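Take a look at the structure below.
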Amino acid sequence: MNYVATHAQGPRPTRLAFVKKVSTLLLSAALLVAGCKKPQVEPVDALTANAGPDQTVQVGQIVTLDGTASHDGQGKAITFQWTVTKKPAASTVTLTAPTTAKPTFVPDEVGEYELEVAVSNGAITNVDKVLVTASVAQPLTLDKDITVKTILEDRIASPNLPDYVVPRNIAVKHELTIKPGVVIAFERDVRFDINDEGGILIAKGTADKKIRFIGVGQTKGYWIGIMLYSESNVNVMEHVEVLHAGSRTMLDGKKTGMAMFKQSQLALKNNLFAQNDGYGLLVQEEAILREFSTNVFSNNSEAGIIVSTENVAKLDVASVFTSGNGRNVVEVNGSYIGHSNGSDGEINWKGFADKTPYRLLNTIAVRTGWRLHPGVTVEAARDVTVIINEEGYLLAKGTAEQKIRFTGAANTTAYWVGILSHSTSTQNSIDQAEISNAGSKAIVSGKRANLALYGHDAAMTIRNTRISGSGGYGILVGYYASINDDANASNTFEGNAQARIQYEE
């Protein structure tokens with residue numbers, strides 16, 4: 001019985017079998033425990049460079065790159081270094097602020113620009129790239145007169161490329177507003193007229209986005225220029241450039257970048273008139289400069305500006321007229337200073353910061369008070385006379401450092417006629433000045449002189465003044481006129497053909 005039972009249980013296991021079984025159980029348990037743990041993760045790169053998304057832009061548009069998505073996983077401070085790794089063959093672009101997160105550049109050619117940013121935390125560096133593709137929009141054609149209210153928008157980012165092309169003469173007969181940054185290019189021998197049939201020009205650029213009127217061919221004398229007929233007091237040009245005009249005469253037989261006709265009106269501030277074959281700006285008699293400040297005239301074939309006597313006092317001291325023009329002067333055209341009834345009050349001619357002289361093209365009569373400020377130079381063209389009428393006066397008081405000068409347009413003895421004063425005003429005075437090179441012809445009573453006082457009770461005080469180069473007398477005093485008693489002693493006389501002072505009854 002015991003045998004049978006013993007036989008049913010089988011043979012008794014050996015010690016080796018028992019050990020193997022226990023080992024198997026322990027291994028299975030270990031694997032079960034190990035399967036419950038999270039897998040071991042390798043450390044990620046703690047520094048990431050991100051150059052931002054690719055961009056599509058226009059040539060001339062300011063492009064801002066963006067590396068602000070770059071970061072250090074451990075919060076360490078990072079630095080940036082951007083470089084241009086690819087650009088069109090003719091491009092000369094450079095980056096502005098390349099060590100910041102958001103540098104800028106301006107594409108100057110059509111094509112692809114590849115930029116790389118290297119981001120560093122001081123220990124390691126990571127890089128990323130961005131692609132900027134630059135293209136050019138095509139300009140619109142303006143070939144019809146402007147007969148409805150019109151606004152011209154800045155369509156093309158590059159200030160060197162036209163937004164609009166004008167293939168034929170067009171007239172503005174309604175209100176035209178030109179936005180900052182607009183470039184209008186004119187084909188050869190084309191003129192732009194702002195008519196007095198409702199025409200108004202509002203062209204206000206900014207220092208950063210100038211409005212430009214240019215030639216399609218960017219050379220002197222390519223297109224005719226701008227003619228302003230409009231009498232509207234709304235006309236304004238600010239931060240505008242007028243370039244490459246003067247292909248044909250436009251007004252008074254003269255070529256000019258812009259001409260103001262008859263009673264037209266215009267405010268001019270911060271403009272450039274340059275590279276015109278002729279004058280930069282012509283202001284005809286009766287035209288009105290409502291405002292004039294900080295304008296620049298450069299590289300024009302004639303003088304930068306020719307202006308009527310009525311508008312000279314509007315010119316500001318900060319404008320520049322001496323930058324490479326054919327004649328670095330302000331040419332003054334007209335016969336009178338002030339109205340015949342003296343209603344203008346005293347008219348002031350200021351000295352320019354760049355020392356530009358005024359050049360008188362014609363004999364002028366002064367019919368009101370005429371004050372010249374220290375530093376003013378008045379040049380006279382050949383055989384021109386300055387006449388101070390009885391109702392006017394001349395007040396020219398310079399300083400030892402800034403003399404007032406009256407002279408000829410050419411530095412030649414006896415080039416112009418001189419100053420003739422009939423005025424009886426007690427305001428008549430010349431002090432700390434120079435009067436030279438007059439006496440080209442008889443000024444009065446068959447006599448030549450740099451300065452003549454002539455007429456009953458005509459009078460003037462002259463002191464501290466150098467009087468030279470006359471083709472006749474230095475000063476002529478006649479027909480019951482008078483001069484200060486110390487005139488001979490208080491002034492300097494040099495190189496005059498006749499006596500220093502000649503008195504006649």
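For the sequence shown, position 224 matches number 224 in full-length UniProt numbering, and the numbering has no gaps at all.
Quick reminder that beta carbons are idealized off the backbone N, C-alpha and C, glycines included.
This structure is a prediction, so every number in the text was calculated from the model and none was measured.
Spatial neighbours of residue 183 in its own chain (CB-CB distance under 6 angstroms, excluding positions within 5 residues in sequence) are listed in chain order as 162, 163 and 212. Straight through space, the alpha carbons of residue 112 and residue 99 are spaced by roughly 22 angstroms. Per the coordinates, the alpha-carbon of residue 334 lies some 17 angstroms from the alpha-carbon of residue 279. In the three-state scheme derived from DSSP, where H, G and I count as helix and E and B as strand, residue 490 is classed as helix. Ranked by Cα distance from residue 179, the first of 198, 151, 165 and 192 is 151. Residue pairing by DSSP places residue 177 opposite 151 and 202 in a beta bridge.
Judged by their CB atoms, residue 428 and residue 460 are nearer to each other than the 9 angstroms cut-off. A contact is defined here as three or more CB-CB pairs under 8 angstroms, and the stretch 72-83 meets this definition with respect to the stretch 121-140.
Here the alpha carbon of residue 415 sits roughly 23 angstroms from the alpha carbon of residue 370.
Across the structure, residue 295 and residue 241 are spaced so that their CA atoms are roughly 10 angstroms apart. Look at the stretch 308-372 and you find no whole run of alpha helix (DSSP H) that is 4 residues long or longer. Between residue 106 and residue 60, the C-beta gap is smaller than 9 angstroms, which places the two residues in contact. If you draw a 10 Å sphere on the C-beta of residue 253, you find fewer than 16 other C-beta atoms in it, and that means exposed. When rounded, the separation of the alpha-carbon atoms in residue 95 and residue 115 is 10 angstroms. Rounded to whole angstroms, the gap between the alpha carbons of residue 493 and residue 469 is 9 angstroms. Rounded to the nearest whole angstrom, the CA to CA distance from residue 424 to residue 376 is 24 angstroms.
For residue 408, the CB contacts under 6 angstroms within the same chain, skipping 5 residues up- and downstream, are 380, 415, 416 and 437 in chain order. In the structure shown, the three-state DSSP call for residue 209 is coil.
Pairing residue 177 with residue 405, the inter-Cα distance amounts to about 43 angstroms. With distances taken between CA atoms, residue 505 lies nearest to 458 out of 458, 258, 268 and 326. Contact between residue 47 and residue 126 holds: their C-beta atoms lie close to 5 angstroms from each other, under 8 angstroms. Within the same chain, Cβ atoms closer than 7 angstroms to the Cβ of residue 403 are found at 432, 433 and 434, the five residues on either side in sequence being excluded. About 7 angstroms separates the CB atoms of residue 172 and residue 193; that is less than 8 angstroms, so the two are in contact. Assignment of beta-bridge partners to residue 430 by DSSP yields 396 and 462. Assignment of residue 193 by DSSP, reduced to helix, strand and coil, places it in the strand class.
For residue 55, the enclosing beta strand (DSSP E) has its first and last residue at 55-58.
When the five nearest sequence neighbours on each side are left out, the beta carbons in the same chain lying within less than 6 angstroms of the beta carbon of residue 477 are those of 453, 483 and 503, in order along the chain.
Listed in chain order, the non-local C-beta contacts of residue 317 below 8 angstroms within the same chain comprise 350, 351, 352 and 353, local neighbours out to five positions each way being set aside. Shown here, residue 246 sits in coil according to DSSP, grouped into three states, outside any helix or strand. Where residue 450 is concerned, the enclosing beta strand (DSSP E) starts and stops at 449-454. For residue 67, the number of other beta carbons within 10 angstroms of its own is at least 16, and it is reported as buried. Runs of beta strand (DSSP E) with 3 or more residues, each lying fully within the stretch 66-123, are found at 79-86 and 111-120, listed in chain order.
If you draw a straight line from the Cα of residue 200 to the Cα of residue 142, it is about 17 angstroms long. Residue pairing for residue 223: DSSP places it in a beta bridge opposite 245.
For residue 134, the enclosing beta strand (DSSP E) begins and ends at 125-135. Of the candidates 378, 346 and 366, 378 places its Cα closest to the Cα of residue 329.
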